[in-house]
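Trainee: Numbering (the UniProt record's numbering), first residue to last: 1 to 795. All C-beta atoms, glycine included, are put in the ideal place defined by N, C-alpha and C. One structure, as C-alpha cells, below. Some questions next.
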C-alpha cells in the first residue's frame, strides 16, 4: 500500500493539469456539500443545549396562566411543565434607554430545562405568586453587555419597565432560551399581577419535560383528555380546545427543515455531477496510460495489483479534492451566513466540528472508491497479447458508452438544478414586483414601547402619541408622520364582529376581522389609496362618534353589492361597546407578507380605543427626500425623548429595507440553487467538452480519411456536433423527466409559479442546448482544421 501511494503521488505530480482539473472538480462538489451540511448539522443535527433534550416538549397552542395551571395539576406525563411569555421592557441604567426582551416565567421554567447558573439562582415557583418580591434573572450576555460582568450584581436593584427588580441570578454562558432573543427573566405574576384573571389571555408558551418511559403519543393522548375536561368545565373560553404536542427541537427548527432539505438535495445533485465528471477524467487517464499498464501486466503484475494501483490514485485524488473542498466549504459557510434569512434560528451552532469533518472526508473516500472502481477494472480488461500487438490498450466500446452515459447523466442533473433555479428565481422576481398596497419609498420606521407603569391607560398613551407626532411634524425634512402597526410584520389583532341588522350568530362563531389602530396621517404617510368615503382625521377623538375605515377585502366579503359607508359594526364579545360607523374604504395592503393576500380589516383611531392591550407601536415618517438614516434617526429620537426621555427607540429602518428582509428567505433559496445550478452546468459542459475532444482524438485517422476523400470542413464540424448534441438530447430528455418529478418538492417555496411552468422548462432547455453546442463546437472546429496527411499518420 505504501508503495502504491508513493507511485500514485509520482504519477499525479507528472500530470499537473489532470491532477488540478480532477481536484478542482471534486472540490466544487464536495465544498458545496460541506457548506450546506455544516448549516444542516448546526441547525438540525446538533442536540439542543439542555439536559436530556429529547424529553423536552412544547405545547403548540399558547396557554393562559389558568389553563397552564390546570394542565400542571391534571397531567402525569411530565416531571415538570412551565410557561414562558415575552414582553419588551425599557432599561436605561443611567445611559441611553434600551429595550430588553423579558421572559415572563410561570412555574419551574429553569428546572424544566435543567439550567445552570454562573452566579446566583433561578426563578422558582415560590417567586411566581401575587405579593412576592420582584426578582429578575439575567442572561449571561446581558450581564456582560449592560453590567460589565460585575460579580456583585446579585442582590442589586435594577429598574425595568419603570419597576424596581432585585437581580437573583445570571444564567451560565451555554444556556440558550427557547426564545432566542430573551435577555432577562421575571415571574409573570410579578410583571402582570392580573395575568391569572382571564382564561382568554394566552400569554404563555408551555414547555414540559416528559417523564422517563413516557412517549410523545402517550402525553398527547393525556392532553386530549385534559382538553375535553377544560372544554366541559369552561365552555365559553375552552370550547373546541385542542392542544398539539411537539418536540422542542421540532418547534425550533421545523419551519426551516423543508428548505434546508431542498438545499441538501440540490448540493447532492452537484456532487453527483462532479463525481460523474471525475469518473470521466479517470477513464480518459486510463486510456492515456494504456501502454504503461499493458507492459506492467506483461511483466507479471496481477489484475488485482493493477486495480489496486489505479484505485489508490483515485482515492488520493478524492482526498485531495476533499481537503480543497473543506477549505472551500469553510469559506462557503461564511458566505451562507452573510446571505442567511433574518430569522434563521440557532445560527451560533453553525460551525466546523467533528461531524462535518467526518462527512467531508467520508464523502471524499466514498467518491474515490465508488467512482474509481470501474476505471480501475477497465484498465485490466484486455488480453495482454492483443494489447501489445496493437501498441497498447485501446478504448473499448464499453468504455466509450460509459463515458457517454456519464455525460448524459451530468447534463440531466444540471437540467434538474437549472429548472429548480429558474422556478425559484421566477417566483422571487414576481414577489419583488408585487404591489404591496402602499408606497415604500422615503419611509423611515422605528419602534417604541410604552412602559405599563406610566402608560397603563389610554389617555396617557394618546397624549404621548399626539405630542410625539407634533414634534416630528415640526422637524425639517419630515413630510408627515403616523403611528400604527407596520405592514409585512405579520402582527395584528383580530376579533369576532357583528354587523348591525344582520341575523344573530352563535357566540364565538361570528366572522373575524383584523383591527388596526392608527394615529396621525396614517393613509397619507403610507400612500394607501382612498376608494370611497373619507379617511380618519384628528377630529376623530375620544369624544367624537366612533368611526372606522375598512379595506377592500372587508367591503367585498361582507358587503358585496351594498355600499358599506354608513353601516355599523361592533366587536362581538365586548359588552357595552359603541357601534363603529364605517366612514371610508381604502385599498388592500399586503399586511402579512408579499406572498399573502390581504384579510378583511378595519382601521380605527387610537384615541377611540376603549383599551389598548399592546403598548408598542411603530412610528413611520415620510421624508421629503431620500433619508440619511443616521442623522434622521438622531433627530427622531430627540423628538421622542422630548416627550419621555426614558422611552427606548429600536429597529430604526427604512421601509424598503423591511421589504427586502421580508424576502430574505426566498432570496437565499433562489441564490443558492442558482449557484449550484451554475456549478453543475459548468461541470457538465466541461465533461461534454472532454468526451467530444477525446472522440476527436480517437477518430483522428478516420477524419483524415474522410477529408482525403473530399469531405468539406463543415461536414467534419457537423459530424462532431452531431455526437455532442445527441448526448445533449439524451441529457435533456432524462433531465426533463427528473425535473417534472423534482419540481413538486419546491411547491411550498413558489409563489405565482407552477412547478411545471412551461416557460421555465423551455428556457432551460434552450440554455442547455446553447451551452452544450458551444462546448461541442470547440473540438469540432479543431477537428475541421486537421491536416489530412498528418491525420492519416496519427496513431
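Could you check whether the Cβ of residue 183 sits closer than 8 Å to any heavy atom belonging to the ligand NAD?
Mentor: Because no ligand of any kind appears in the structure shown, any question about the ligand NAD cannot be addressed here.
Trainee: By a C-beta neighbour count over all protein chains shown, 10 Å radius and 16 as the cutoff for buried, is residue 19 buried or exposed?
Mentor: Residue numbering aside, residue 19 sits at position 19 when the chain shown is read from its first letter. Residue 19 should be labelled buried.
Trainee: Do three or more CB pairs link the region 56-64 to the region 143-150 at distances below 8 Å?
Mentor: No: fewer than three Cβ pairs fall under 8 Å.
Trainee: Among all the DSSP beta bridges, which residues are the ones paired with residue 616?
Mentor: As a first step, residue 616 must be located in the chain shown, where it is residue number 616. Partner(s): 449.
Trainee: Identify whether residue 479 lies in helix, strand or coil by the three-state DSSP scheme.
Mentor: Here residue 479 is taken as the residue at index 479 of the chain shown, counted from 1. Residue 479: strand per DSSP, three-state reduction.
Trainee: Rounded to whole angstroms, what is the Cα-Cα separation between residue 235 and residue 669?
Mentor: Position 235 of the chain shown, counting from 1, holds the residue named residue 235. Position 669 of the chain shown, counting from 1, holds the residue named residue 669. C-alpha separation (whole angstroms): 45 Å.
Trainee: In this structure, does DSSP put residue 465 in helix, strand or coil?
Mentor: Here residue 465 refers to the residue found at position 465 when the chain shown is read from its first residue. In this structure, residue 465 counts as helix in the three-state DSSP scheme.
Trainee: Residue 410 and residue 731 - do their beta-carbons sit closer together than 9 Å?
Mentor: If you number the chain shown from 1, residue 731 lands on position 731. If you number the chain shown from 1, residue 410 lands on position 410. Yes, the pair counts as a contact, with Cβ atoms nearer than the cut-off.
Trainee: Quick one: what's residue 171 bridged to in DSSP?
Mentor: For the purposes of this step, residue 171 is taken as the residue at position 171 of the chain shown. Paired residues: 117.
Trainee: Hey, could you find the ends of the beta strand (DSSP E) residue 184 is sitting in?
Mentor: If you number the chain shown from 1, residue 184 lands on position 184. That run of the beta strand (DSSP E) goes 184-187.
Trainee: Report yes if the CB atom of residue 586 is closer than 9 Å to the CB atom of residue 541, and no otherwise.
Mentor: By one-based count along the chain shown, residue 586 stands at place 586. By one-based count along the chain shown, residue 541 stands at place 541. No, Cβ-Cβ distance for residue 586 and residue 541 is not below 9 Å.
Trainee: What is the rounded straight-line gap between the Cα of residue 211 and the Cα of residue 262?
Mentor: Locating residue 211 in the chain shown gives position 211, counting from the first residue. Locating residue 262 in the chain shown gives position 262, counting from the first residue. The straight-line gap from Cα to Cα measures roughly 35 Å.
Trainee: Would you mind working out which of 223, 720, 339, 678 sits nearest residue 690, comparing C-alpha positions?
Mentor: As a first step, residue 690 is located in the chain shown; it is residue number 690 there, counting from the start. For residue 690, the nearest C-alpha among the options comes from 720.
Trainee: Going by DSSP, what residue range makes up the alpha helix (DSSP H) through residue 820?
Mentor: Shown here, the chain extends from 1 to 795; a query on residue 820 therefore has no answer.
Trainee: When you compare each of 557, 556, 579, 735 to residue 566 by their alpha carbons, which one comes out closest?
Mentor: Here residue 566 refers to the residue found at position 566 of the chain shown. Out of 557, 556, 579, 735, 579 has the C-alpha closest to the C-alpha of residue 566.
Trainee: So if DSSP puts residue 78 in a beta bridge, which residue, or which two residues, is it bridged to?
Mentor: Here the question's residue 78 lines up with position 78 in the chain shown. 210, per the DSSP bridge assignment.
Trainee: Restricting to Cα atoms, I'd like to know which of 91, 77, 52 is closest to residue 448.
Mentor: Walking along the chain shown from the start, residue 448 turns up at place 448. The candidate whose alpha carbon is nearest that of residue 448 is 91.
Trainee: In whole angstroms, what is the alpha-carbon distance linking residue 400 and residue 665?
Mentor: Working through the chain shown from its first residue, we reach residue 400 at position 400. Working through the chain shown from its first residue, we reach residue 665 at position 665. Distance between the alpha carbons of residue 400 and residue 665 is about 44 Å.
Trainee: CA-CA distance, residue 693 and residue 671?
Mentor: Along the chain shown, one-based indexing puts residue 693 at 693. Along the chain shown, one-based indexing puts residue 671 at 671. Each residue's Cα considered, the two are about 33 Å apart.
Trainee: Which partner residues does residue 484 have in the DSSP bridge list?
Mentor: Locating residue 484 in the chain shown gives position 484, counting from the first residue. 618.
Trainee: Along the chain, where does the alpha helix (DSSP H) containing residue 248 start, and where does it finish?
Mentor: Here residue 248 is taken as the residue at index 248 of the chain shown, counted from 1. That run of the alpha helix (DSSP H) goes 248-253.
Trainee: DSSP on residue 385, reduced to helix/strand/coil?
Mentor: Counting from 1 along the chain shown, the entry for residue 385 is found at position 385. Residue placement at residue 385 is poorly supported in this model, since its pLDDT is 48, which falls under 50; the coordinates still yield a value, given next. Here residue 385 sits in helix by DSSP.
Trainee: For residue 125, collect the residues of the same chain with a Cβ closer than 8 Å to its Cβ; drop the 5 residues on either side in sequence, then sort them by chain order.
Mentor: Sequence index remark: in the chain shown, residue 125 carries index 125 (1-based). Within the same chain, residue 125 has close Cβ partners 107, 108.
Trainee: In chain order, what residues of the same chain have a beta carbon less than 8 Å from the beta carbon of residue 743, not counting five sequence neighbours either side?
Mentor: Counted from its first residue, the chain shown places residue 743 at position 743. Around residue 743: 419, 420, 423, 755, 756.
Trainee: Have a look at the DSSP bridge pairing and note the partners of residue 602.
Mentor: If you number the chain shown from 1, residue 602 lands on position 602. Bridge partners of residue 602: 515, 550.
Trainee: Going by the DSSP bridge assignment, what does residue 569 pair with across the sheet?
Mentor: Numbered from 1 along the chain shown, position 569 holds the residue referred to as residue 569. Paired residue(s): 499, 580.
Trainee: Roughly how many angstroms separate the alpha carbons of residue 228 and residue 203, rounded to a whole number?
Mentor: Translated into the one-based positions of the chain shown, residue 228 becomes position 228. Translated into the one-based positions of the chain shown, residue 203 becomes position 203. Looking at the two C-alpha atoms, the distance is approximately 21 Å.
Trainee: Can you check whether the CB of residue 321 is closer than 9 Å to the CB of residue 26?
Mentor: Position 26 of the chain shown, counted from the start, is the residue given in the question as residue 26. Position 321 of the chain shown, counted from the start, is the residue given in the question as residue 321. Yes, the Cβ-Cβ distance between residue 26 and residue 321 is below 9 Å.
Trainee: Can you give me the start and stop residues for the beta strand (DSSP E) that residue 651 sits inside?
Mentor: On the chain shown, residue 651 is found 651 positions in, with the first residue counted as 1. Its beta strand (DSSP E) spans residues 649-654.
Trainee: Report the residue from 66, 529, 281, 152 whose alpha carbon sits nearest the alpha carbon of residue 437.
Mentor: Taking the first residue of the chain shown as 1, we reach residue 437 at position 437. Here the closest residue by C-alpha is 529.
Trainee: Is the beta carbon of residue 29 closer than 9 Å to that of residue 356?
Mentor: Reading the chain shown from its first residue, position 356 is the one you call residue 356. Reading the chain shown from its first residue, position 29 is the one you call residue 29. Contact flag unset, no.
Trainee: Report the option in 749, 733, 646 whose CA atom is closest to the CA atom of residue 761.
Mentor: For the purposes of this step, residue 761 is taken as the residue at position 761 of the chain shown. Considering only alpha carbons, the answer is 733.
Trainee: Taking the alpha carbon of residue 67 as the point to measure from, which residue in 23, 226, 527, 628 has its own alpha carbon closest?
Mentor: Along the chain shown, one-based indexing puts residue 67 at 67. Checking every option, the nearest Cα to that of residue 67 belongs to 226.
Trainee: Between which two residues does the alpha helix (DSSP H) containing residue 225 stretch?
Mentor: To locate residue 225, count along the chain shown from 1; it is residue 225. Start and end: 216-233.
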